[in-house]
Each structure stands twice: as C-alpha cells, then as structure tokens.
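Counting from 1, one number per residue, gives the positions in the sequence shown under full-length UniProt numbering.
What follows is a set of notes on a single structure, which appears directly below.
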Amino acid sequence: MTDQTLTVRDNRTGEEYELEITDGTVRASDLGKIGKTEDEPGIAVYDPGFTNTASTRSSITYIDGDKGILEYRGYPIEQLAESSTFLEVAYLLIHGELPTKDQHDAWVHEITFHTFVHENLKSLMQGFRYDAHPMGMLLSSVGALSTFYPEARAITDEEVRHDQVVRLIAKMPTLGAWAFRHAQGKPYVYPDNDLSYTENFLSMLFKMSEQKYDPDPRLSKALEVLFILHADHEQNCSTNAVRSVGSSDVDPYSAVSAGIAALYGPLHGGANEAVLRMLKRIGSKDNIPSFIEGVKKGEERLMGFGHRVYKNYDPRAKIIKKAVDDVFEVTGVNPLLEIAQELERIALEDEYFVQRKLYPNVDFYSGLIYEALQFPPEMFTVLFAIPRTAGWLAQWIELVDDKEQKIARPKQIYTGARTLDFVPAEQRWA
Ligand SMILES: CC(C)(COP(=O)(O)OP(=O)(O)OC[C@H]1O[C@@H](n2cnc3c(N)ncnc32)[C@H](O)[C@@H]1OP(=O)(O)O)[C@@H](O)C(=O)NCCC(=O)NCCS
Numbered sequence: 001m002t003d004q005t006l007t008v009r010d011n012r013t014g015e016e017y018e019l020e021i022t023d024g025t026v027r028a029s030d031l032g033k034i035g036k037t038e039d040e041p042g043i044a045v046y047d048p049g050f051t052n053t054a055s056t057r058s059s060i061t062y063i064d065g066d067k068g069i070l071e072y073r074g075y076p077i078e079q080l081a082e083s084s085t086f087l088e089v090a091y092l093l094i095h096g097e098l099p100t101k102d103q104h105d106a107w108v109h110e111i112t113f114h115t116f117v118h119e120n121l122k123s124l125m126q127g128f129r130y131d132a133h134p135m136g137m138l139l140s141s142v143g144a145l146s147t148f149y150p151e152a153r154a155i156t157d158e159e160v161r162h163d164q165v166v167r168l169i170a171k172m173p174t175l176g177a178w179a180f181r182h183a184q185g186k187p188y189v190y191p192d193n194d195l196s197y198t199e200n201f202l203s204m205l206f207k208m209s210e211q212k213y214d215p216d217p218r219l220s221k222a223l224e225v226l227f228i229l230h231a232d233h234e235q236n237c238s239t240n241a242v243r244s245v246g247s248s249d250v251d252p253y254s255a256v257s258a259g260i261a262a263l264y265g266p267l268h269g270g271a272n273e274a275v276l277r278m279l280k281r282i283g284s285k286d287n288i289p290s291f292i293e294g295v296k297k298g299e300e301r302l303m304g305f306g307h308r309v310y311k312n313y314d315p316r317a318k319i320i321k322k323a324v325d326d327v328f329e330v331t332g333v334n335p336l337l338e339i340a341q342e343l344e345r346i347a348l349e350d351e352y353f354v355q356r357k358l359y360p361n362v363d364f365y366s367g368l369i370y371e372a373l374q375f376p377p378e379m380f381t382v383l384f385a386i387p388r389t390a391g392w393l394a395q396w397i398e399l400v401d402d403k404e405q406k407i408a409r410p411k412q413i414y415t416g417a418r419t420l421d422f423v424p425a426e427q428r429w430a
C-alpha cells in the first residue's frame with residue numbers, strides 16, 4: 001500500500017480498514033467490505049443525484065468549474081469554437097482525435113449522405129397532433145429509428161456501430177427540422193446534400209418555394225458555434241440517462257432517445273427559455289434595479305446566472321456573447337439584448353453575485369440568438385439535442401468498450417413496511 005489510502009475506523013466494532021485512493025476516489029466496493037458479515041451488508045454510499053459519485057472513467061470532456069475551463073479530448077472549447085466545424089468536433093468526440101484530411105472528407109461525405117430518413121418515419125411524424133411539442137416528436141422518432149435498423153442491436157460490432165453513429169448524427173437535423181415544420185403546418189423539406197451540416201439544417205427549417213435555399217453564412221456560422229458549444233458536457237443528467245439505459249446493451253437509438261427524454265425536462269434543457277421570459281417581463285432597463293433587488297431578497301432568481309459546476313464565467317457564455325453580434329447584424333437587434341447586457345453589467349459588480357460566484361452561464365445569451373433566428377421557445381431544446389447527440393454517442397461507445405462497466409443498478413435504503421400478512425380483498429372490505 002502507498003500513502004494514497006484512507007483509514008476508516010468502524011466505531012461499531014472498533015475495526016479499522018485501509019481503503020486505496022485512486023484519482024481522488026475510493027471504490028464503493030471497498031466501502032462495502034466495512035462491517036460486512038454473513039447477515040449484514042457492508043457500508044454503502046447514499047448519494048441522491050450522484051453529486052459526489054464518479055460513475056465512470058472518461059477521456060472525452062474535461063471541466064474545471066472553478067477556473068471556467070471546458071475541453072473536448074483535451075482541446076479548449078474556445079479554440080474549437082473559433083476555428084473548427086461541428087462535424088470535425090463530432091469526429092473528435094467520437095474517435096478521440098482530430099481527423100486527417102481523408103478521414104475528415106470521408107466523415108463529412110458519410111454524414112451528408114445519410115441525412116434522409118425512411119418515408120414511413122415521415123408518416124409517423126405526420127401522425128402527431130398539430131400542436132405536438134417538437135421534443136416529444138424528436139424523442140419518439142429517434143426511438144422509432146431502432147425499428148428501421150434492427151442490426152443496430154449488434155453493439156459490439158464496430159462496423160455496425162459506426163453506421164448507426166453516422167445515421168444518428170446525420171438524421172437528427174432532419175427530424176428536428178421536421179418537428180419544427182410540423183407545428184407550423186408547413187411541408188417537410190428534404191435534405192440538400194450540397195449544403196454543409198448547419199446550412200442544410202437552416203434549409204430544412206426555412207426553405208419555402210425557392211429552388212434552392214441560400215443560407216446567410218453569418219447565421220450558419222453562429223449555429224455551427226452553438227452546436228460546438230453544446231456537443232458534450234461530461235456526466236450530466238441526459239448523458240447519464242444514455243449511459244444508464246445503454247448499460248442494458250440496448251441499441252443506440254433507444255439509448256439516445258432516453259437522453260432526449262432527460263434533456264426535455266426544464267431543469268436540464270429549459271433554462272434559456274426561462275431567461276427569455278425573464279427579459280420580457282423586465283421589459284426595460286429602468287426596471288432592472290428593482291428586479292435585482294427582488295433577486296437579492298430571494299424573491300426570484302436571475303435566470304441564466306449561476307451553475308452547479310462553473311463558479312467562474314461559463315466559457316461557453318463568453319463565446320455565445322460574440323455570436324450574438326453576428327446574428328443581430330443579420331436579423332436586427334433584439335431590444336431584449338440591451339436589457340441582458342445591462343443586467344450582466346450590474347450583476348457582475350454587485351456584491352451579492354460576486355460573493356456567490358454567480359456568473360452568466362451558457363443559457364444567458366443563447367435564447368436571444370434562437371429567438372432572433374425565429375425559433376419558438378419549444379424548439380430551443382431541440383437545438384440542444386441535435387449537437388449533443390455527438391457527445392451522447394461518444395459516451396455510449398466509451399461505455400460499451402469499458403470492461404469495468406456493468407448494467408446500472410443503484411442500491412436503495414428501504415424505508416417501507418416489512419412482512420405484513422396479506423388479507424384477501426373480500427375479507428378486508430367485508
Ligand atoms: C444553476 C443553479 C441551479 C445551480 O445551483 P446550485 O449550484 O445548487 O447553487 P445554489 O442553488 O446552492 O445557490 C448558491 C447560492 O447562490 C444563490 N443563487 C444561485 N443561483 C442564483 C441565481 N441565478 N440568482 C440569484 N441567486 C442565485 C442561491 O440563492 C444561494 O444563495 P444562498 O447561499 O444565500 O442561499 C442555480 O445557479 C440557478 O438556479 N440558476 C438559474 C437557472 C439557470 O440559469 N440554469 C441553467 C444552468 S446551465
């Protein structure tokens with residue numbers, strides 16, 4: 001044993017145990033040896049929400065919340081957002097390293113030529129009610145993809161796995177755009193293989209009667225940046241859902257649809273919508289001081305500020321702030337931007353926010369961009385799910401290849417009744 005150990009004394013028995021510390025963690029199975037007898041289980045960890053439990057080793061995404069650092073496979077998010085493309089970042093996440101020119105071209109070609117979906121899937125989507133939430137449509141249609149590709153069950157066959165990864169990344173924009181068009185009663189637009197990933201997405205969203213959609217490069221670039229920023233964020237709720245469901249060896253379509261379901265929840269993917277509502281309610285710069293006073297009294301929260309992990313400026317928020325200018329150059333300035341900027345200026349100087357390390361997070365400005373691009377709030381989470389699919393798949397592959405992983409099956413502390421005698425209904429009701 002090295003000095004990297006933890007000595008634990010069980011005061012119930014006086015026995016001492018030495019647990020190995022590896023990478024700042026002790027193994028739960030080692031804790032399980034403490035106090036274990038034939039009749040009694042050993043010590044377990046109680047950790048609702050997994051706030052202090054590592055569920056995996058991972059080499060995909062690194063976050064240092066105190067310093068405001070986010071890296072994909074070791075590359076800083078700022079550099080990727082500045083100089084890479086979403087598909088190159090997706091390759092990096094999935095394969096672990098940047099592509100050579102040939103690998104890149106083959107990857108982009110494959111993704112581009114798998115953007116079409118089976119016509120029956122289109123019929124399935126058309127069957128939804130006119131006011132169906134696009135996230136509900138997305139998660140059902142991704143789940144349904146598993147029925148079109150039954151071979152996807154061969155999750156350890158690398159070639160089969162690769163095909164499903166390509167299909168999922170390729171088809172997500174098609175399904176997301178169709179869910180958007182559905183709510184508007186507009187015809188679904190087929191993919192255009194001459195366009196880039198984000199240009200094609202814009203075309204499927206907004207094309208009308210023109211022969212060819214001509215996306216504004218500033219908008220497709222802004223979307224590219226937003227997609228890169230949202231591509232992965234290590235073990236968050238939806239990634240954990242993908243891993244947990246994937247641990248049963250189900251196909252990737254079913255595992256990713258579980259991730260979409262987790263992202264649908266307002267605590268995960270819905271904060272940017274709340275920021276927009278807040279800005280609209282504040283209405284003008286004059287109302288900011290009284291709003292901030294209300295926040296400081298604990299009457300409400302400044303949405304888009306604060307983060308469970310980042311106790312510094314969220315690196316993604318800095319990048320989005322730059323993208324805001326490009327988008328507004330095309331769409332005209334949204335008056336809510338002035339309110340957001342003034343809110344940020346005041347909050348960053350105010351002792352309440354400084355002391356609590358509350359900085360703008362990724363959602364503070366993203367809703368403004370999405371609104372400027374004419375997306376209704378229900379679509380905001382779809383715009384998150386499309387790029388996050390690359391991260392979910394990278395995490396899923398890592399899970400499948402990890403010999404240490406088992407089917408996810410947490411313990412519980414049972415608090416209910418025991419050994420009651422069942423009385424048949426006719427006697428209880430007599
Ligand atoms: C993201 C969030 C849930 C993280 O919460 P957390 O890490 O559990 O932090 P806590 O809720 O423990 O907050 C710590 C302190 O800061 C305050 N605080 C946190 N976020 C705040 C906010 N957005 N506005 C005002 N006060 C806030 C809390 O009231 C608490 O103050 P106290 O110590 O006086 O009680 C939280 O910051 C939040 O609700 N932010 C707004 C919603 C949002 O933007 N979510 C998107 C995240 S990407």
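In this text, a Cβ means the ideal position worked out from N, Cα and C, and glycines have one as well.
Check: Which of the three DSSP states, helix, strand or coil, is assigned to E293?
Finding: In the sequence shown, counting from the first residue as 1, residue 293 sits at position 293. Helix, per DSSP.
Notebook entry, point to check: Closest by CA to V166, which one among H114, M137, M204?
Noted result: On the sequence shown, position 166 is the one that residue 166 refers to. Among H114, M137, M204, the Cα nearest to that of V166 belongs to H114.
Check: Is DSSP giving V117 helix, strand or coil here?
Finding: Numbered from its first residue, the sequence shown carries residue 117 at position 117. Looking at V117 - three-state DSSP - the assignment turns out to be coil, as it is neither helix nor strand.
Margin query: Please classify P335 as buried or exposed, where buried requires at least 16 neighbouring CB atoms within 10 angstroms.
Written below: If you number the sequence shown from 1, residue 335 lands on position 335. Classification for P335: exposed.
Margin query: Any residue with its Cβ nearer than 6 Å to a heavy atom of ligand 1 should be included. What is that list in chain order?
Written below: Qualifying residues come out as A271, V295, R301, L302, M303, G304, F305, G306, H307, R308, R356, L358, N361, V362, D363.
Margin query: If you follow the beta strand (DSSP E) that V45 is in, where does it begin and where does it stop?
Written below: Position 45 of the sequence shown, counting from 1, holds the residue named residue 45. No beta strand (DSSP E) holds V45; DSSP gives it neither H nor E.
Item checked: Local Cβ density within 10 Å of T85, reported as buried at 16 or more and exposed below that -> Here residue 85 is taken as the residue at index 85 of the sequence shown, counted from 1. Answer is buried; the Cβ neighbour count reaches 16.
Notebook entry, point to check: Which full runs of the beta strand (DSSP E) of 3+ residues lie inside the segment 8-33, going along the chain?
Noted result: Entirely contained in the segment 8-33, the beta strand (DSSP E) runs reaching 3 residues are, in chain order, 15-20.
Notebook entry, point to check: If you run the structure through DSSP and keep just helix, strand and coil, what is D64?
Noted result: As a working note, residue 64 is residue 64 in the sequence shown. If DSSP states are grouped into helix, strand and coil, D64 belongs with the strands.
Notebook entry, point to check: Thinking C-beta only, is L70 closer than 8 Å to I60?
Noted result: For this step, residue 60 is matched to residue 60 along the sequence shown. For this step, residue 70 is matched to residue 70 along the sequence shown. In this structure, L70 does not lie closer than 8 Å to I60 by Cβ.
Notebook entry, point to check: Cα-Cα, which of D131, M137, I34, D105 is closest to K122?
Noted result: What you label residue 122 is simply residue 122 of the sequence shown in a count that begins at 1. Shortest Cα-Cα distance from K122 to any of D131, M137, I34, D105 involves M137.
Item checked: Start-to-end residues for the beta strand (DSSP E) that takes in E71 -> Reading the sequence shown from its first residue, position 71 is the one you call residue 71. Counting along the chain, the beta strand (DSSP E) containing E71 begins and ends at 69-72.
Next item on the list: Check each candidate in R12, K33, T13 and name the one with the smallest Cα separation from L19.
Entry: For the purposes of this step, residue 19 is identified with residue 19 of the sequence shown, where counting begins at 1. When each option's Cα is compared against that of L19, the closest is K33.
Margin query: As an exercise, report each continuous alpha helix (DSSP H) stretch of at least 4 residues that is fully enclosed by the segment 168-226, in chain order.
Written below: Whole alpha helix (DSSP H) segments, 4+ residues: 197-206.
Next item on the list: Would you be able to state if there are at least three C-beta pairs under 8 Å between the segment 261-277 and the segment 364-371?
Entry: In the pairwise beta carbon analysis, the segment 364-371 is classified as touching the segment 261-277: at least three pairs are separated by under 8 Å.
Check: How should R388 be labelled, buried or exposed, when 16 other C-beta atoms within 10 angstroms of its C-beta is the threshold for buried?
Finding: Here residue 388 refers to the residue found at position 388 of the sequence shown. The residue in question, R388, is buried, as its Cβ has 16 or more Cβ neighbours within 10 Å.
Note to self: Just list the residues that DSSP pairs P360 with in beta bridges.
What the structure shows: Counting from 1 along the sequence shown, the entry for residue 360 is found at position 360. Its beta-bridge partners are F305.
Notebook entry, point to check: So, using beta-carbon positions, are I319 and A81 closer together than 8 Å?
Noted result: Within the sequence shown, numbered from 1, the residue matching residue 319 stands at position 319. Within the sequence shown, numbered from 1, the residue matching residue 81 stands at position 81. In this structure, the beta-carbon distance from I319 to A81 falls below 8 Å.
Check: Which two residues bound the contiguous alpha helix (DSSP H) that contains F148?
Finding: Locating residue 148 in the sequence shown gives position 148, counting from the first residue. F148 -> alpha helix (DSSP H) spans 134-148.
Next item on the list: Count the C-beta pairs between the segment 170-186 and the segment 379-386 that are closer than 8 Å, then say yes if the count reaches three, no if not.
Entry: Touching, per the Cβ criterion.
Next item on the list: Would you grab the beta carbon distance between S244 and G143 for me? Rounded to a whole angstrom, and I think it's under 8 Å.
Entry: Along the sequence shown, read from residue 1 onward, the residue named residue 244 stands at position 244. Along the sequence shown, read from residue 1 onward, the residue named residue 143 stands at position 143. Incorrect: roughly 16 Å between the Cβ atoms, too far for contact.
Margin query: Comparing C-alpha positions only, which one of R308, Q374, V362, F305 sits nearest to V333?
Written below: For the purposes of this step, residue 333 is taken as residue 333 along the sequence shown, with counting starting at 1. Nearest neighbour of V333 by Cα position, chosen from R308, Q374, V362, F305, turns out to be Q374.
Notebook entry, point to check: Whose CA, out of I386, D105, S203, Q4, lies closest to the CA of K212?
Noted result: Here residue 212 corresponds to residue number 212 of the sequence shown, with the count starting at 1. Looking at the Cα atoms, S203 is the closest of the given residues.
Note to self: Could you compute how far the alpha carbon of A261 sits from the alpha carbon of R316?
What the structure shows: On the sequence shown, residue 261 is found 261 positions in, with the first residue counted as 1. On the sequence shown, residue 316 is found 316 positions in, with the first residue counted as 1. Cα to Cα, A261 sits roughly 23 Å from R316.
Check: First and last residue of the alpha helix (DSSP H) that includes E273?
Finding: For the purposes of this step, residue 273 is taken as the residue at position 273 of the sequence shown. First-last of the alpha helix (DSSP H) with E273: 271-282.
Next item on the list: Check the C-beta distance from D232 over to L399 and give it rounded, since I have them as a contact under 8 Å.
Entry: Locating residue 232 in the sequence shown gives position 232, counting from the first residue. Locating residue 399 in the sequence shown gives position 399, counting from the first residue. Between L399 and D232 the Cβ distance is about 14 Å, and since that is not below 8 Å, they are no contact.
Next item on the list: Could you check which residue in D131, Y130, S141 has the C-alpha nearest to that of S118?
Entry: Position 118 of the sequence shown, counted from the first residue, corresponds to residue 118. The identity of residue 118 in the sequence shown is His, whereas the question assumes Ser. Checking every option, the nearest Cα to that of H118 belongs to S141.
Check: Which of the three DSSP states, helix, strand or coil, is assigned to Y313?
Finding: As a position in the sequence shown, residue 313 is number 313, starting the count at 1. Here DSSP, grouped into helix, strand and coil, assigns Y313 to coil.
Next item on the list: With DSSP as the reference, please indicate the residues paired to Y75 in a beta bridge.
Entry: As a working mapping, residue 75 is identified with position 75 in the sequence shown. Answer is Y72, bridged to Y75.
Checklist line | Complete alpha helix (DSSP H) runs within the segment 313-398 (minimum length 4 residues, chain order) | finding: With a minimum length of 4 residues, the continuous alpha helix (DSSP H) runs that stay inside the segment 313-398 are 315-331, 335-349, 351-355, 363-372.
Item checked: Residue nearest to E273 in terms of C-alpha spacing, selected from P376, V295, A340 -> Residue mapping note: residue 273 aligns to position 273 of the sequence shown, counting from 1. The alpha carbon of E273 has as its nearest neighbour, out of P376, V295, A340, the alpha carbon of P376.
Item checked: Strand pairing of G6, partner residues [DSSP] -> Indexing the sequence shown from 1 puts residue 6 at position 6. In the sequence as presented, Gly is not what sits at residue 6; that position holds Leu. Bridge partners of L6: L19.
Note to self: On a Cα-Cα basis, can you pick out the residue from P48, A394, A417 that is closest to R73?
What the structure shows: Your numbering for residue 73 matches position 73 in the sequence shown. The option with the nearest alpha carbon to R73 is A394.
Check: DSSP state of Y130, grouped into three classes?
Finding: Looking up residue 130 in the sequence shown gives position 130. Three-state result, Y130: coil.
Next item on the list: Tell me where the alpha helix (DSSP H) around Q235 begins and ends.
Entry: Counted from its first residue, the sequence shown places residue 235 at position 235. Run containing Q235: none; DSSP gives neither H nor E here.
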